[in-house]
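S.K.: Below is the structure I would like to discuss, written out as structure tokens.
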């Protein structure tokens with residue numbers, strides 16, 4: 026099996042990836058709605074016997090057009106690449122998104138990116154995909170361009186959940202901001218997962234009998250502050266259940282910046298400098314201030330017991346969830 030490749034359009038595409046089927050979109054979250062598009066691309070690539078690629082835009086266009094509005098990015102490029110690899114794609118190609126790129130005409134995008142850079146044979150995208158200066162390119166334009174340039178086009182309708190609501194990245198962000206990681210997982214099709222390097226902390230948890238792996242998330246990550254039942258994946262792929270606190274540690278550090286602190290069950294060792302992943306299975310409680318360390322430790326023991334009980338009964342939501350968190 027050919028290794029997954031994470032590329033950009035600033036370098037020539039390897040010859041063995043040209044002529045493929047390309048799913049086009051932002052795909053932040055790689056949620057079930059996105060997966061409907063991605064699965065169509067994979068099926069088309071299999072039918073044609075060509076590589077399946079994803080073309081996305083980095084950074085997220087909204088951060089370019091509205092830098093004043095911080096955006097909670099659900100899947101930064103490394104996580105997005107990992108998910109797409111697990112789904113079966115041969116590669117992720119990132120188009121650097123700048124104001125200069127945004128000013129390209131729709132025809133220039135088709136000619137320069139889809140035809141010359143990628144040499145696509147087929148494009149798959151959502152029914153509402155727009156591109157080019159002032160969003161002048163839409164579904165009808167893309168289909169007509171495909172006829173002119175010799176590639177096919179498949180448009181995929183909006184994907185709705187069991188309640189007939191459209192699944193969107195913004196909807197998932199709102200759920201995570203409210204701490205509803207279980208419902209967010211239902212829309213994602215896998216448990217929400219973050220990756221970061223384990224950094225040094227105050228080591229207070231160690232003195233309390235709850236040593237933690239500390240990770241800093243981007244300031245834009247507006248996950249609700251509180252205590253979560255989680256699964257912790259080390260860089261070597263080994264998994265451990267755990268309980269994590271995301272927040273500012275009001276009992277011991279009034280002015281602290283948000284920090285993700287995971288007490289990894291049944292583990293002892295040094296994780297500093299290792300890039301690890303934390304997957305969120307359940308929200309246990311909000312972060313509160315305790316009247317001293319004894320009360321804090323007593324609650325941490327209750328949190329551990331609740332997290333162990335919750336995680337002891339979980340099952341994969343999908344094949345992708347099984348690959349990410351089991």
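In this note's numbering, the protein residues as written are 26 to 351.
Virtual Cβ for every residue (Gly too), placed ideally from N, Cα, C.
Leaving aside the five residues before and after residue 203 along the sequence, list all residues of the same chain whose C-beta is less than 7 Å from its C-beta, in chain order.
M.R.: The answer, listed in chain order, is 249.
S.K.: In chain order, what residues of the same chain have a beta carbon less than 6 Å from the beta carbon of residue 139, not counting five sequence neighbours either side?
M.R.: Closer than 6 Å at the Cβ level, and outside the excluded window around residue 139, lie 145.
S.K.: Secondary structure at residue 265, three-state DSSP: helix, strand or coil?
M.R.: Three-state DSSP puts residue 265 in a strand.
S.K.: Counting Cβ pairs, one atom from each stretch, are 3 or more of them under 8 Å apart for the segment 66 to 80 and the segment 45 to 58?
M.R.: Taking 8 Å as the limit for Cβ pairs, the verdict is that the segment 45 to 58 does touch the segment 66 to 80.
S.K.: Which residues does DSSP pair with residue 308 in a beta bridge?
M.R.: The partner list for residue 308 (beta bridge, DSSP) reads 253.
S.K.: How would you label residue 350, buried or exposed, when you count the other beta carbons within 10 angstroms and need 16 or more for buried?
M.R.: Flag for residue 350 reads buried.
S.K.: Identify the continuous beta strand (DSSP E) that holds residue 116 and give its terminal residues.
M.R.: Per DSSP, residue 116 belongs to the beta strand (DSSP E) from 116 to 121.
S.K.: Report all residues from its chain with a CB closer than 8 Å to the CB of residue 38; omit the five preceding and five following residues, and keep chain order.
M.R.: 32, 118, 142, 143 and 144.
S.K.: So the candidates are 270, 162 and 245; which of them puts its Cα closest to the Cα of residue 94?
M.R.: If we check each option's Cα against that of residue 94, 245 comes out closest.
S.K.: Going by the DSSP bridge assignment, what does residue 49 pair with across the sheet?
M.R.: Answer by DSSP bridge pairing, in chain order: 80 and 150.
S.K.: Taking the alpha helix (DSSP H) that residue 89 belongs to, which residues open and close that run?
M.R.: First-last of the alpha helix (DSSP H) with residue 89: 86 to 90.
S.K.: If distances are taken between C-alpha atoms only, which option among 179, 214, 270 and 259 comes closest to residue 186?
M.R.: For residue 186, the nearest C-alpha among the options comes from 214.
S.K.: Flag this pair as yes or no: are the beta carbons of residue 286 and residue 240 separated by less than 9 Å?
M.R.: In this structure, residue 240 lies closer than 9 Å to residue 286 by Cβ.
S.K.: So what's residue 217 in DSSP terms, helix, strand or just coil?
M.R.: The answer is coil: DSSP assigns residue 217 none of H, G, I, E or B.
S.K.: Would you grab the beta carbon distance between residue 91 and residue 184 for me? Rounded to a whole angstrom, and I think it's under 8 Å.
M.R.: Not quite, the Cβ-Cβ distance comes to about 26 Å (not below 8 Å), so this is no contact.
S.K.: State the CB to CB distance for the pair residue 82 and residue 51, rounded to an integer number of angstroms; the pair is presumed to be in contact (CB under 8 Å).
M.R.: The Cβ separation is near 6 Å, so the contact holds.
S.K.: In the DSSP assignment, find the alpha helix (DSSP H) that holds residue 170 and state where it starts and stops.
M.R.: Counting along the chain, the alpha helix (DSSP H) containing residue 170 begins and ends at 164 to 174.
S.K.: If contact is defined by three or more beta carbon pairs under 8 Å, each pair taking one atom from either stretch, is the segment 330 to 337 in contact with the segment 305 to 314?
M.R.: The answer is yes - the segment 330 to 337 touches the segment 305 to 314, with three or more Cβ pairs under 8 Å.
S.K.: Are the beta-carbon atoms belonging to residue 341 and residue 347 less than 9 Å from one another?
M.R.: Yes.
S.K.: Expressed to the nearest angstrom, what Euclidean distance is found between the alpha-carbon atoms of residue 87 and residue 252?
M.R.: C-alpha separation (whole angstroms): 30 Å.
S.K.: How would you call residue 322, buried or exposed, if buried means at least 16 neighbouring beta carbons within 10 angstroms?
M.R.: Residue 322 comes out exposed.
S.K.: For residue 54, is the classification buried or exposed, using 16 other Cβ atoms within 10 angstroms of its Cβ as the cut-off for buried?
M.R.: So residue 54 ends up on the buried side.
S.K.: So, using beta-carbon positions, are residue 223 and residue 267 closer together than 9 Å?
M.R.: In this structure, residue 267 does not lie closer than 9 Å to residue 223 by Cβ.
S.K.: Do you know offhand how far residue 276's Cα is from residue 312's?
M.R.: Because the pLDDT at residue 276 is just 49, under 50, the model does not fix this residue reliably, and the value given afterwards should be weighed accordingly. Going from the Cα of residue 276 to the Cα of residue 312 covers about 9 Å.
S.K.: Here's the rule: buried if 16 or more other CB atoms are within 10 angstroms of the residue's CB, otherwise exposed. What is residue 16?
M.R.: The first residue shown for the chain is 26 and the last is 351, placing residue 16 beyond what the model contains.
S.K.: Between 169, 198 and 212, which has its C-alpha nearest residue 189's C-alpha?
M.R.: Nearest of 169, 198 and 212 to residue 189, Cα basis: 212.
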